[in-house]
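Report on the following structure.
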Amino acid sequence: MSVPSVPELLRRGAQAPAWVSAVDAVMGEDWAHLELGRGSAVRTPADEGRRTGARRRAAIGGALSPNPQALVKLIGSGGTATSRGLRAQMDYLSRQGDVPLVSSESTFGTKLGVGDAAQIAAAWGLPDVDRGGADRTSHFVVSFPQGTDPDAAERAGRAWAAALFDSGAYGDRWDYYTAFHKDTAYPHIHVVVGRRGLDEGQWLRVSSRGELTFDRLREVQVDVAAREGIALTGTTRLSRGVHDRPVPDAEYRRARAEGREAVAPAHTEASAIATAAEILDYARDYQGAATSIAGQAPEFAGRLEAAAVTILAGRALAVEREAAPRLTPEEAMRMAETVEEVQAEVRQNFVQLEADIRSVENPAKRAEFLRDLAGLKAEAAPFIRDDAGLQGYRAEALHADYRGLTVAPGDARAASIKAEAEREVARLAERFGLQPEATLARFAAETVSVGLGRDYRAEELAERASDRAARGQSAERVDEATAQLADFHRRAGTIYREAAERVREIEREDPRGAPDLGSTRDAAGGRGQARGGEVRAAPASRDDDAPEGRSKPERPGRRRERDDDAPEGRSKPERPGRRRERDDDDRSR
């Protein structure tokens, strides 16, 4: 089986609905068939987290102001473990004495030579003979774009080293020396650092989990370069749509020795999926940010939309640079921060509204408020594309349950059918430990979104748990309660579907509409009521059974007695174990 290319996966992912996670979107129907071996790079949706807030801001800022990229490399095999290795490295970096080596700012930036290697090795604790273990030095290269003024590049490179290793801002200070090379197309500075800290003895480590991350190395380069008038952007390869795997240092060395171009390693199936999923996430970030600023800055919103289109097509953002609107890196980052602040404010408002709704005691009212809140979340979803949970509230993301019946105002026969269905569902809800009025409120529309369905299901689980507690019954396992609720929704869905079919039959028999309102009382069992031209059929048992006009929500677990005039001759809730005829019919379907 051939490995799908990243552009192929991106095309698939771009066609997926917004509420589908990036991994599921690029996987499509193949998700269940992928064999993920040990060490797989694929991240499940719940574990996606590489796109930190700082990375998103940098990516959006970079798309708005696509300047040349900050470039910092930690040379994997560039460290030394002995004084002899340090001397050889200093000789190489000084171009055999033609390029000055300069000490750290804390040692006044004095010029060094190969003859100083023994003194530096002693200060850094490098032995004469390799004793094994990790290297005692780290070797960084900080590069600048073609055409950069060499003096400005050297000052920026020295400032970069001082900010990271001489400031004490990252847990310790480390000694270093630098060598600036301007004999290549890209001026660059080598920074060799003694890894044992000067103050605390802390070992220098650069990792995604520590204080010194690779993102931070690039961010500092962007900052110090800006002070020298060098405009850079510090974004990741994937945020720019660069989907080829990085070329290892060893391949660069082999290619140079063999006189050929370095070749990037091919993607595995897992790495292709992980790469495409993260690029899709960045594209969604750009789309959300574009929507957020479209009213105030349509030109820049267009730039972000174009960036999303570009990377989803499998192309890198660098090719779009000439068409970019003019923004300084600082202005672009401020705009990205503004987008993030607006999105954070919206999220916080939702948190507060959810807390307010939880404080409402009436479960039917809670259901109505949750529906209103779901509408607000649906409106906000296009603005916050990176929030997969929020995308589930979009109107097109339909939940399989909570599909009620709506009828036209003034249609007495349809209203009667709906009222009868609601009475049946209310009784069914009680049997399953659910609050009847709240249940009918949840079924008040023909459809609900996936997000609102999740909210309603959480309410039902809580109601069922309260009902069992009130009856003195033991708590259910979550899977048991979930299975019971699935059974309830299967039965309730059948009731509403059959009612909807009866309404359609009426419409087919008499397309002109409902009979005169005077027949409403007979059609609804003598309990119909017309309000403003709309007929609402109340339940046969009590006035507060219908969705409107209820007095108080029923306490969980308490079963109300019904009048004897319920439809189909039912008088009281059946004893546990006794099933209605309809239930037998349901089981046979």
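Counting in this note's numbering, the sequence shown runs from 8 upward without gaps.
We put the beta carbon where it would ideally sit given N, CA and C, even for glycine.
**Item:** Selection from T240, G458, G500 that minimises the alpha carbon distance to A70
**Value:** Here the question's residue 70 lines up with position 63 in the sequence shown. With distances taken between Cα atoms, A70 lies closest to T240.
**Item:** Distance CB(A314)-CB(Y293) smaller than 7 Å
**Value:** Position 307 of the sequence shown, counted from the first residue, corresponds to residue 314. Position 286 of the sequence shown, counted from the first residue, corresponds to residue 293. A contact, by the Cβ cut-off of 7 Å.
**Asked** Nearest CA to the CA of L171: which residue from A472, L334, R392, V200?
**Response** Position 164 of the sequence shown holds residue 171. If we check each option's Cα against that of L171, V200 comes out closest.
**Message:** Can you find the residues in the same chain that come closer than 8 Å, C-beta to C-beta, to S84, ignoring five residues on each side of it along the sequence?
**Reply:** To locate residue 84, count along the sequence shown from 1; it is residue 77. Excluding positions up to five away in sequence, the list reads D256, A257.
**Euclidean distance between Cα positions of R373 and E453** = As a first step, residue 373 is located in the sequence shown; it is residue number 366 there, counting from the start. As a first step, residue 453 is located in the sequence shown; it is residue number 446 there, counting from the start. Roughly 19 Å separates the two Cα atoms.
**Message:** So G295 and F390 are supposed to be a Cβ contact under 8 Å. How far apart are they, rounded?
**Reply:** For the purposes of this step, residue 295 is identified with residue 288 of the sequence shown, where counting begins at 1. For the purposes of this step, residue 390 is identified with residue 383 of the sequence shown, where counting begins at 1. The pair is a contact, with the Cβ atoms about 6 Å apart (cut-off 8 Å).
**Prompt:** To which residues of the same chain is H250 closer than 6 Å at the C-beta, ignoring the five residues directly before and after it?
**Reply:** For the purposes of this step, residue 250 is taken as the residue at position 243 of the sequence shown. These residues qualify, in order along the chain: V13, T282.
**Item:** Local Cβ density within 10 Å of R511, reported as buried at 16 or more and exposed below that
**Value:** Counting from one through the sequence shown, the residue named residue 511 turns up at place 504. With fewer than 16 other Cβ atoms within 10 Å, it is exposed.
**Request:** State the start and end residues of the unbroken beta strand (DSSP E) segment that holds E195.
**Result:** Indexing the sequence shown from 1 puts residue 195 at position 188. The question names Glu, but residue 195 is His in the sequence shown. Per DSSP, H195 belongs to the beta strand (DSSP E) from 195-201.
**Request:** Express the C-alpha separation of V270 and P11 in angstroms, rounding to a whole number.
**Result:** Here residue 11 refers to the residue found at position 4 of the sequence shown. Here residue 270 refers to the residue found at position 263 of the sequence shown. Using only the alpha carbons, I get a separation of about 19 Å.
**Message:** Quick check: the Cα distance between G266 and Y193, rounded to an integer number of angstroms?
**Reply:** By 1-based counting over the sequence shown, the position of residue 266 is 259. By 1-based counting over the sequence shown, the position of residue 193 is 186. Taking the straight line from one Cα to the other gives about 20 Å.
**Request:** Return the chain-ordered list of same chain residues with a C-beta closer than 8 Å to the C-beta of P336, the five sequence neighbours on each side being excluded.
**Result:** Here the question's residue 336 lines up with position 329 in the sequence shown. Answer for P336: G68, S72, N74, V229, A233, A238, L239, T240, listed in chain order.
**Message:** To the nearest angstrom, how far is the alpha carbon of L245 from that of P305?
**Reply:** Here residue 245 refers to the residue found at position 238 of the sequence shown. Here residue 305 refers to the residue found at position 298 of the sequence shown. One C-alpha to the other measures close to 25 Å.
**Request:** Could you check what DSSP says for Q76 in three-state terms: helix, strand or coil?
**Result:** Taking the sequence shown and counting its residues from 1, one reaches residue 76 at position 69. Reduced to three states, the DSSP call for Q76 is strand.
**Asked** Per DSSP, what kind of secondary structure is K384 in: helix, strand or coil?
**Response** Reading the sequence shown from its first residue, position 377 is the one you call residue 384. Helix at K384.
**Item:** Distance between beta carbons of F147 and K80, contact taken as under 8 Å
**Value:** For the purposes of this step, residue 80 is taken as residue 73 along the sequence shown, with counting starting at 1. For the purposes of this step, residue 147 is taken as residue 140 along the sequence shown, with counting starting at 1. The pair is a contact, with the Cβ atoms about 7 Å apart (cut-off 8 Å).
**Message:** Please list the terminal residues of the continuous beta strand (DSSP E) segment that includes L133.
**Reply:** Locating residue 133 in the sequence shown gives position 126, counting from the first residue. Taken as a continuous stretch (DSSP letters only), L133 belongs to no beta strand (DSSP E), as it is neither H nor E.
**Item:** Limits of the beta strand (DSSP E) - the one that A186 falls within
**Value:** Along the sequence shown, read from residue 1 onward, the residue named residue 186 stands at position 179. Run containing A186: 183-188, per the beta strand (DSSP E) assignment.
**Request:** Using DSSP bridges, identify the partner residues of F599.
**Result:** With the chain covering only 8 through 596, there is no way to say anything about residue 599.
**Item:** CA-to-CA distance, V349 to A66, given in whole angstroms
**Value:** The residue labelled residue 66 in the question sits at position 59 within the sequence shown. The residue labelled residue 349 in the question sits at position 342 within the sequence shown. Taking the straight line from one Cα to the other gives about 17 Å.
**Request:** With a 10 Å radius around its C-beta and 16 neighbouring C-beta atoms as the bar for buried, classify S145 as buried or exposed.
**Result:** Sequence index remark: in the sequence shown, residue 145 carries index 138 (1-based). S145 comes out buried.
**Prompt:** Hey, how far is the Cα of A53 from the Cα of V367?
**Reply:** Within the sequence shown, residue 53 is the residue found at index 46, counting from 1. Within the sequence shown, residue 367 is the residue found at index 360, counting from 1. In this prediction, A53 has a pLDDT of 33, which is less than 50 and means its spatial position is unreliable; nothing more can be read from the coordinates.
**Asked** Taking all protein chains shown into account, do 16 or more other C-beta atoms lie within 10 angstroms of the C-beta of G164, making it buried, or fewer, making it exposed?
**Response** On the sequence shown, residue 164 is found 157 positions in, with the first residue counted as 1. By the neighbour-count rule (16 or more Cβ atoms within 10 Å), G164 is buried.
**Request:** Out of D156, D393, S214, P272, point me to the one whose CA is closest to F187's CA.
**Result:** Residue mapping note: residue 187 aligns to position 180 of the sequence shown, counting from 1. The shortest Cα separation from F187 among D156, D393, S214, P272 belongs to D156.
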